[in-house]
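Structure, as C-alpha coordinates:
Residue numbers (the working numbering): 2 to 395.
So this is what it looks like as C-alpha coordinates:
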(Lines of atoms letter the chains of each structure in order from A and count residues from 1; the text may use other names and numbers.)
(Lines give C-alpha, C1' and ligand atoms only; values in the text may rest on other atoms or scores of the structure.)
Protein backbone atom coordinates (compact mmCIF):
# COMPACT_ATOMS: atom_id res chain seq x y z
CA UNK A 1 0.00 0.00 0.00
CA UNK A 2 1.38 3.39 -0.99
CA UNK A 3 2.06 6.19 1.46
CA UNK A 4 -0.47 8.99 1.27
CA UNK A 5 -0.56 12.64 2.24
CA UNK A 6 -2.04 11.52 5.59
CA UNK A 7 1.23 9.80 6.51
CA UNK A 8 3.17 13.07 6.88
CA UNK A 9 3.22 15.97 9.29
CA UNK A 10 2.70 18.83 6.85
CA UNK A 11 2.85 21.71 9.31
CA UNK A 12 5.30 24.42 8.23
CA UNK A 13 6.56 22.12 5.44
CA UNK A 14 6.91 23.08 1.79
CA UNK A 15 4.64 20.49 0.19
CA UNK A 16 4.91 20.05 -3.57
CA UNK A 17 1.67 18.63 -4.98
CA UNK A 18 1.70 17.46 -8.59
CA UNK A 19 -1.87 18.06 -9.76
CA UNK A 20 -3.53 17.58 -13.12
CA UNK A 21 -4.77 20.98 -14.29
CA UNK A 22 -4.64 19.95 -17.96
CA UNK A 23 -8.04 21.54 -18.67
CA UNK A 24 -9.47 22.82 -21.96
CA UNK A 25 -8.92 26.58 -22.33
CA UNK A 26 -10.27 28.67 -25.21
CA UNK A 27 -9.41 32.34 -25.58
CA UNK A 28 -8.20 32.38 -21.97
CA UNK A 29 -11.46 30.90 -20.64
CA UNK A 30 -11.59 27.45 -18.99
CA UNK A 31 -14.20 25.30 -20.72
CA UNK A 32 -14.36 22.50 -18.13
CA UNK A 33 -12.91 22.80 -14.62
CA UNK A 34 -13.61 19.20 -13.53
CA UNK A 35 -9.94 18.33 -13.08
CA UNK A 36 -9.37 21.41 -10.92
CA UNK A 37 -12.39 20.54 -8.78
CA UNK A 38 -11.17 16.94 -8.37
CA UNK A 39 -7.85 18.22 -6.99
CA UNK A 40 -9.44 20.34 -4.26
CA UNK A 41 -9.66 17.76 -1.41
CA UNK A 42 -5.88 17.17 -1.43
CA UNK A 43 -5.06 20.89 -1.69
CA UNK A 44 -7.53 21.79 1.07
CA UNK A 45 -6.12 19.07 3.33
CA UNK A 46 -2.63 20.51 2.91
CA UNK A 47 -3.90 24.04 3.64
CA UNK A 48 -5.79 22.92 6.75
CA UNK A 49 -2.65 21.18 7.99
CA UNK A 50 -0.58 24.38 7.76
CA UNK A 51 1.49 23.38 4.75
CA UNK A 52 3.13 25.82 2.38
CA UNK A 53 1.52 24.46 -0.78
CA UNK A 54 3.44 24.44 -4.08
CA UNK A 55 1.37 23.21 -7.02
CA UNK A 56 2.79 21.89 -10.28
CA UNK A 57 0.88 20.89 -13.41
CA UNK A 58 1.32 20.54 -17.13
CA UNK A 59 -1.11 22.02 -19.68
CA UNK A 60 -1.18 20.76 -23.25
CA UNK A 61 2.00 20.12 -25.19
CA UNK A 62 4.76 22.64 -25.70
CA UNK A 63 6.71 22.09 -28.91
CA UNK A 64 7.43 25.66 -30.01
CA UNK A 65 7.26 29.29 -28.84
CA UNK A 66 3.66 29.67 -30.05
CA UNK A 67 2.55 26.94 -27.63
CA UNK A 68 3.67 28.97 -24.60
CA UNK A 69 0.87 31.55 -24.71
CA UNK A 70 -1.97 29.11 -25.33
CA UNK A 71 -0.77 26.76 -22.60
CA UNK A 72 -0.29 29.38 -19.87
CA UNK A 73 -1.62 28.27 -16.47
CA UNK A 74 -2.60 31.75 -15.28
CA UNK A 75 -6.35 31.26 -15.98
CA UNK A 76 -6.16 28.10 -13.87
CA UNK A 77 -4.62 30.01 -10.95
CA UNK A 78 -7.50 32.49 -11.10
CA UNK A 79 -10.13 29.73 -11.19
CA UNK A 80 -8.41 27.79 -8.40
CA UNK A 81 -8.45 30.90 -6.21
CA UNK A 82 -12.20 31.21 -6.79
CA UNK A 83 -12.79 27.56 -5.88
CA UNK A 84 -10.61 27.77 -2.75
CA UNK A 85 -11.95 31.22 -1.80
CA UNK A 86 -8.40 32.40 -1.18
CA UNK A 87 -5.54 34.03 -3.04
CA UNK A 88 -3.36 31.76 -5.15
CA UNK A 89 0.09 33.09 -6.00
CA UNK A 90 0.92 32.46 -9.64
CA UNK A 91 4.58 32.46 -10.70
CA UNK A 92 5.13 32.69 -14.44
CA UNK A 93 8.35 30.69 -14.21
CA UNK A 94 9.35 27.03 -13.89
CA UNK A 95 12.71 27.76 -12.24
CA UNK A 96 14.93 30.60 -11.09
CA UNK A 97 15.12 33.39 -8.54
CA UNK A 98 11.57 34.67 -8.94
CA UNK A 99 10.12 31.23 -8.23
CA UNK A 100 12.52 30.50 -5.38
CA UNK A 101 11.82 33.86 -3.75
CA UNK A 102 8.05 33.41 -3.99
CA UNK A 103 8.33 29.99 -2.37
CA UNK A 104 10.57 31.28 0.43
CA UNK A 105 7.95 33.96 1.19
CA UNK A 106 5.09 31.49 1.57
CA UNK A 107 3.34 31.39 4.93
CA UNK A 108 1.62 28.34 6.41
CA UNK A 109 -1.60 27.71 4.50
CA UNK A 110 -0.51 29.72 1.43
CA UNK A 111 -0.89 28.29 -2.08
CA UNK A 112 1.43 28.87 -5.04
CA UNK A 113 0.99 27.61 -8.59
CA UNK A 114 4.02 27.70 -10.83
CA UNK A 115 3.94 27.93 -14.61
CA UNK A 116 3.22 24.92 -16.85
CA UNK A 117 5.86 22.24 -16.25
CA UNK A 118 5.97 21.52 -19.99
CA UNK A 119 7.47 24.93 -20.65
CA UNK A 120 10.62 22.94 -19.83
CA UNK A 121 9.98 20.79 -22.92
CA UNK A 122 10.89 23.70 -25.19
CA UNK A 123 14.55 23.03 -24.49
CA UNK A 124 15.12 19.33 -25.02
CA UNK A 125 11.93 17.87 -23.46
CA UNK A 126 13.33 18.13 -19.96
CA UNK A 127 9.94 17.62 -18.29
CA UNK A 128 8.47 14.81 -20.40
CA UNK A 129 11.92 13.22 -20.78
CA UNK A 130 12.35 13.07 -16.98
CA UNK A 131 15.57 15.08 -16.97
CA UNK A 132 17.45 14.11 -13.79
CA UNK A 133 18.80 17.57 -13.03
CA UNK A 134 15.37 19.17 -13.45
CA UNK A 135 13.81 16.60 -11.12
CA UNK A 136 16.49 17.33 -8.49
CA UNK A 137 16.03 21.09 -8.88
CA UNK A 138 12.27 20.94 -8.47
CA UNK A 139 12.70 18.62 -5.47
CA UNK A 140 14.97 21.24 -3.86
CA UNK A 141 11.99 23.61 -3.74
CA UNK A 142 10.06 21.42 -1.29
CA UNK A 143 10.25 19.16 1.75
CA UNK A 144 7.56 16.60 0.84
CA UNK A 145 6.21 15.49 -2.54
CA UNK A 146 2.62 14.37 -3.14
CA UNK A 147 1.52 13.04 -6.51
CA UNK A 148 -2.18 13.60 -7.17
CA UNK A 149 -2.07 13.76 -10.99
CA UNK A 150 -3.55 10.44 -12.08
CA UNK A 151 -3.80 11.66 -15.67
CA UNK A 152 -0.01 11.61 -16.06
CA UNK A 153 0.78 8.69 -13.75
CA UNK A 154 1.44 6.40 -16.72
CA UNK A 155 4.33 8.63 -17.83
CA UNK A 156 7.76 9.04 -16.20
CA UNK A 157 8.20 12.83 -16.08
CA UNK A 158 10.51 15.10 -14.11
CA UNK A 159 7.49 16.42 -12.19
CA UNK A 160 6.44 12.99 -10.92
CA UNK A 161 9.17 10.31 -11.05
CA UNK A 162 11.94 12.93 -11.01
CA UNK A 163 10.82 14.76 -7.88
CA UNK A 164 9.60 11.63 -6.06
CA UNK A 165 13.07 10.10 -6.48
CA UNK A 166 14.51 12.91 -4.37
CA UNK A 167 11.93 13.60 -1.62
CA UNK A 168 9.77 11.84 0.97
CA UNK A 169 6.63 11.14 -1.03
CA UNK A 170 3.05 9.91 -1.12
CA UNK A 171 -0.15 10.04 -3.14
CA UNK A 172 -3.06 12.44 -2.77
CA UNK A 173 -6.74 11.70 -2.33
CA UNK A 174 -7.54 11.71 -6.05
CA UNK A 175 -4.99 9.02 -6.96
CA UNK A 176 -6.01 7.08 -3.85
CA UNK A 177 -9.64 7.16 -5.04
CA UNK A 178 -8.68 6.14 -8.60
CA UNK A 179 -6.69 3.15 -7.36
CA UNK A 180 -9.36 2.04 -4.90
CA UNK A 181 -12.06 1.96 -7.58
CA UNK A 182 -10.13 0.64 -10.56
CA UNK A 183 -7.93 -1.91 -8.80
CA UNK A 184 -10.79 -3.31 -6.71
CA UNK A 185 -12.99 -3.69 -9.79
CA UNK A 186 -10.29 -5.63 -11.61
CA UNK A 187 -8.94 -7.72 -8.73
CA UNK A 188 -12.13 -8.46 -6.79
CA UNK A 189 -15.22 -7.68 -8.87
CA UNK A 190 -18.71 -8.49 -7.70
CA UNK A 191 -20.11 -10.63 -10.49
CA UNK A 192 -21.38 -10.63 -13.15
CA UNK A 193 -18.56 -8.32 -14.26
CA UNK A 194 -19.08 -6.62 -17.63
CA UNK A 195 -16.59 -4.47 -19.54
CA UNK A 196 -17.82 -2.08 -22.25
CA UNK A 197 -15.20 -0.94 -24.75
CA UNK A 198 -15.63 1.69 -27.44
CA UNK A 199 -13.46 4.26 -29.15
CA UNK A 200 -11.82 4.21 -32.55
CA UNK A 201 -9.04 1.64 -32.80
CA UNK A 202 -8.77 -1.94 -31.59
CA UNK A 203 -4.98 -1.52 -31.36
CA UNK A 204 -5.48 1.04 -28.56
CA UNK A 205 -7.37 -1.55 -26.51
CA UNK A 206 -5.54 -4.81 -27.31
CA UNK A 207 -3.78 -4.81 -23.93
CA UNK A 208 -7.05 -4.12 -22.11
CA UNK A 209 -8.88 -6.90 -23.93
CA UNK A 210 -6.05 -9.39 -23.36
CA UNK A 211 -5.93 -8.57 -19.65
CA UNK A 212 -9.67 -8.41 -18.96
CA UNK A 213 -10.98 -11.19 -21.19
CA UNK A 214 -9.81 -13.70 -18.59
CA UNK A 215 -11.31 -11.68 -15.72
CA UNK A 216 -14.60 -10.26 -17.01
CA UNK A 217 -17.73 -12.30 -17.65
CA UNK A 218 -18.57 -10.28 -20.76
CA UNK A 219 -16.90 -7.68 -22.98
CA UNK A 220 -19.29 -5.55 -25.03
CA UNK A 221 -17.67 -3.92 -28.06
CA UNK A 222 -18.91 -0.63 -29.58
CA UNK A 223 -17.52 2.51 -31.18
CA UNK A 224 -15.32 2.50 -34.26
CA UNK A 225 -13.51 -0.61 -33.04
CA UNK A 226 -16.63 -2.74 -33.52
CA UNK A 227 -16.14 -2.66 -37.29
CA UNK A 228 -12.75 -4.35 -37.15
CA UNK A 229 -14.37 -7.16 -35.17
CA UNK A 230 -17.22 -7.33 -37.69
CA UNK A 231 -14.72 -7.43 -40.56
CA UNK A 232 -12.99 -10.30 -38.77
CA UNK A 233 -16.34 -12.12 -38.81
CA UNK A 234 -16.61 -11.62 -42.56
CA UNK A 235 -19.07 -8.71 -42.70
CA UNK A 236 -18.76 -5.93 -45.25
CA UNK A 237 -18.31 -2.65 -43.38
CA UNK A 238 -18.26 -0.09 -46.21
CA UNK A 239 -16.17 2.98 -45.32
CA UNK A 240 -16.37 2.32 -41.58
CA UNK A 241 -13.25 2.63 -39.45
CA UNK A 242 -10.99 -0.36 -39.96
CA UNK A 243 -7.90 -1.20 -37.95
CA UNK A 244 -6.52 -3.63 -40.51
CA UNK A 245 -3.51 -4.68 -38.46
CA UNK A 246 -5.81 -5.89 -35.68
CA UNK A 247 -8.06 -8.17 -37.75
CA UNK A 248 -6.15 -11.32 -36.81
CA UNK A 249 -6.29 -10.37 -33.14
CA UNK A 250 -10.07 -9.90 -33.40
CA UNK A 251 -10.45 -13.30 -35.11
CA UNK A 252 -8.46 -14.94 -32.34
CA UNK A 253 -10.54 -13.32 -29.58
CA UNK A 254 -13.81 -14.28 -31.27
CA UNK A 255 -12.67 -17.87 -31.73
CA UNK A 256 -11.36 -18.28 -28.19
CA UNK A 257 -14.11 -16.38 -26.37
CA UNK A 258 -17.25 -16.70 -28.53
CA UNK A 259 -19.62 -16.34 -25.57
CA UNK A 260 -17.70 -13.55 -23.88
CA UNK A 261 -17.09 -11.02 -26.70
CA UNK A 262 -20.46 -9.41 -27.50
CA UNK A 263 -20.79 -7.40 -30.72
CA UNK A 264 -23.49 -4.98 -31.91
CA UNK A 265 -26.21 -6.33 -34.22
CA UNK A 266 -27.09 -3.03 -35.91
CA UNK A 267 -25.68 0.45 -36.40
CA UNK A 268 -26.47 3.96 -37.58
CA UNK A 269 -24.91 4.65 -40.97
CA UNK A 270 -24.03 7.81 -42.86
CA UNK A 271 -21.96 8.61 -45.92
CA UNK A 272 -19.68 10.97 -44.01
CA UNK A 273 -18.95 12.12 -40.48
CA UNK A 274 -20.95 15.35 -40.47
CA UNK A 275 -24.09 16.88 -38.98
CA UNK A 276 -25.60 17.21 -42.46
CA UNK A 277 -25.17 13.65 -43.74
CA UNK A 278 -28.39 11.59 -44.04
CA UNK A 279 -28.49 8.70 -41.58
CA UNK A 280 -30.20 5.35 -41.44
CA UNK A 281 -30.30 2.35 -39.13
CA UNK A 282 -29.01 -0.87 -40.66
CA UNK A 283 -28.36 -4.45 -39.63
CA UNK A 284 -24.62 -5.18 -39.50
CA UNK A 285 -25.06 -7.28 -42.66
CA UNK A 286 -26.55 -4.32 -44.57
CA UNK A 287 -23.89 -1.59 -44.48
CA UNK A 288 -23.58 -0.13 -48.01
CA UNK A 289 -20.15 0.20 -49.58
CA UNK A 290 -20.40 4.02 -49.64
CA UNK A 291 -21.49 4.25 -45.97
CA UNK A 292 -19.75 4.23 -42.64
CA UNK A 293 -21.11 3.08 -39.30
CA UNK A 294 -21.17 6.00 -36.85
CA UNK A 295 -23.20 4.76 -33.87
CA UNK A 296 -25.02 1.70 -32.57
CA UNK A 297 -28.79 1.43 -32.99
CA UNK A 298 -31.97 0.13 -31.32
CA UNK A 299 -31.46 -3.64 -31.36
CA UNK A 300 -27.94 -3.17 -30.01
CA UNK A 301 -29.32 -0.96 -27.21
CA UNK A 302 -31.59 -3.85 -26.23
CA UNK A 303 -28.79 -6.43 -26.52
CA UNK A 304 -26.31 -4.43 -24.44
CA UNK A 305 -28.99 -3.53 -21.88
CA UNK A 306 -29.74 -7.21 -21.31
CA UNK A 307 -26.13 -7.68 -20.18
CA UNK A 308 -25.63 -4.52 -18.11
CA UNK A 309 -28.93 -4.86 -16.21
CA UNK A 310 -27.77 -8.15 -14.72
CA UNK A 311 -24.23 -6.97 -14.02
CA UNK A 312 -22.96 -6.03 -10.57
CA UNK A 313 -19.65 -4.50 -11.70
CA UNK A 314 -19.27 -2.53 -14.94
CA UNK A 315 -16.26 -0.75 -16.42
CA UNK A 316 -16.87 1.40 -19.48
CA UNK A 317 -14.04 2.84 -21.58
CA UNK A 318 -14.77 4.47 -24.94
CA UNK A 319 -17.94 6.00 -26.46
CA UNK A 320 -20.27 3.83 -28.55
CA UNK A 321 -20.42 6.31 -31.44
CA UNK A 322 -19.15 9.63 -32.77
CA UNK A 323 -20.73 11.45 -29.81
CA UNK A 324 -19.23 14.83 -30.73
CA UNK A 325 -21.97 15.05 -33.41
CA UNK A 326 -25.45 15.11 -31.89
CA UNK A 327 -27.11 12.69 -34.30
CA UNK A 328 -24.45 10.04 -33.63
CA UNK A 329 -24.42 10.49 -29.84
CA UNK A 330 -27.62 8.55 -29.12
CA UNK A 331 -25.93 5.22 -28.34
CA UNK A 332 -23.58 6.81 -25.84
CA UNK A 333 -26.42 8.84 -24.28
CA UNK A 334 -28.68 5.81 -23.95
CA UNK A 335 -25.89 3.80 -22.34
CA UNK A 336 -25.28 6.63 -19.84
CA UNK A 337 -28.98 6.65 -19.02
CA UNK A 338 -29.12 2.87 -18.65
CA UNK A 339 -26.03 2.67 -16.42
CA UNK A 340 -27.21 5.57 -14.25
CA UNK A 341 -30.29 3.56 -13.25
CA UNK A 342 -28.35 0.58 -11.95
CA UNK A 343 -27.68 -0.30 -8.34
CA UNK A 344 -24.24 -1.62 -9.33
CA UNK A 345 -20.62 -0.52 -9.26
CA UNK A 346 -20.22 1.49 -12.48
CA UNK A 347 -16.79 2.91 -13.34
CA UNK A 348 -16.07 5.08 -16.36
CA UNK A 349 -12.59 5.34 -17.84
CA UNK A 350 -11.35 8.86 -18.43
CA UNK A 351 -10.86 10.70 -21.71
CA UNK A 352 -13.77 10.71 -24.14
CA UNK A 353 -15.95 8.48 -21.95
CA UNK A 354 -15.76 10.92 -19.05
CA UNK A 355 -16.22 13.90 -21.39
CA UNK A 356 -19.35 12.33 -22.89
CA UNK A 357 -20.90 11.45 -19.52
CA UNK A 358 -20.27 14.95 -18.15
CA UNK A 359 -21.52 16.58 -21.36
CA UNK A 360 -24.78 14.63 -21.15
CA UNK A 361 -25.37 15.52 -17.49
CA UNK A 362 -24.27 12.30 -15.79
CA UNK A 363 -21.27 13.64 -13.86
CA UNK A 364 -22.62 12.45 -10.49
CA UNK A 365 -24.48 9.34 -11.64
CA UNK A 366 -21.79 6.67 -11.38
CA UNK A 367 -19.59 5.07 -8.73
CA UNK A 368 -16.51 6.66 -10.25
CA UNK A 369 -15.45 8.63 -13.33
CA UNK A 370 -11.71 8.45 -13.86
CA UNK A 371 -9.76 11.64 -14.53
CA UNK A 372 -7.09 9.82 -16.57
CA UNK A 373 -7.81 8.29 -19.96
CA UNK A 374 -4.36 6.89 -20.76
CA UNK A 375 -3.59 6.06 -17.13
CA UNK A 376 -6.86 4.21 -16.59
CA UNK A 377 -6.31 2.25 -19.82
CA UNK A 378 -2.85 1.15 -18.71
CA UNK A 379 -4.18 0.18 -15.30
CA UNK A 380 -6.87 -1.91 -17.03
CA UNK A 381 -4.07 -3.52 -19.06
CA UNK A 382 -2.44 -4.59 -15.80
CA UNK A 383 0.58 -2.33 -16.29
CA UNK A 384 2.50 -0.54 -13.56
CA UNK A 385 2.19 3.24 -13.68
CA UNK A 386 5.65 4.89 -13.19
CA UNK A 387 4.24 7.94 -11.41
CA UNK A 388 2.69 5.66 -8.79
CA UNK A 389 5.28 2.86 -8.71
CA UNK A 390 7.93 5.39 -7.56
CA UNK A 391 5.87 6.29 -4.47
CA UNK A 392 7.09 4.75 -1.20
CA UNK A 393 5.24 1.86 0.39
CA UNK A 394 3.87 2.21 3.91
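Even glycine gets a Cβ: it sits at the ideal position worked out from N, Cα and C. Here the structure is a predicted model, which means the values were calculated and not measured.
In the DSSP assignment, residue 274 falls outside any beta strand (DSSP E), carrying neither H nor E. The region 305-379 is shown to contain whole alpha helix (DSSP H) runs of 4 or more residues at 331-341 and 353-360, in chain order. The criterion of a C-beta distance shorter than 9 Å is not satisfied by residue 313 and residue 324.
For residue 369, the closest of 52, 362, 355 and 302 by C-alpha to C-alpha distance is 355.
Collapsing the DSSP output to three states places residue 162 in a helix.
The C-alpha of residue 15 lies about 24 Å from the C-alpha of residue 129.
Straight across, the Cα-Cα distance linking residue 328 with residue 281 is about 11 Å.
Rounded to the nearest angstrom, the Cβ distance from residue 296 to residue 251 is 20 Å, too far for a contact under 8 Å. Counted as a single uninterrupted DSSP element, the alpha helix (DSSP H) harbouring residue 75 occupies residues 75-85.
The region 370-382 and the region 152-160 touch, with no fewer than 3 CB-CB distances between them shorter than 8 Å. Contact check for residue 236 and residue 285: beta-carbon distance about 6 Å, within the 8 Å limit, so the pair qualifies. The region 84-102 makes contact with the region 39-55: 3 or more CB pairs, one atom from each, lie closer than 8 Å. Non-local beta-carbon contacts of residue 60 in its own chain, meaning distances under 8 Å to residues more than five positions away in sequence, involve 22, 23, 24, 26, 72, 73, 74, 77, 117 and 119 in chain order. Between the region 202-210 and the region 242-259, the count of C-beta pairs closer than 8 Å reaches three or more; the two stretches touch. Each residue's CA atom was taken as its position, placing residue 138 and residue 215 some 44 Å apart.
Taking residue 381 as the centre and dropping the five residues before and after it, the same chain places the C-beta of 209 closer than 6 Å to its C-beta, in chain order. Counting along the chain, residue 226 sits inside no alpha helix (DSSP H), nor does DSSP assign it H or E at all.
Each residue's CA atom was taken as its position, placing residue 103 and residue 92 some 8 Å apart.
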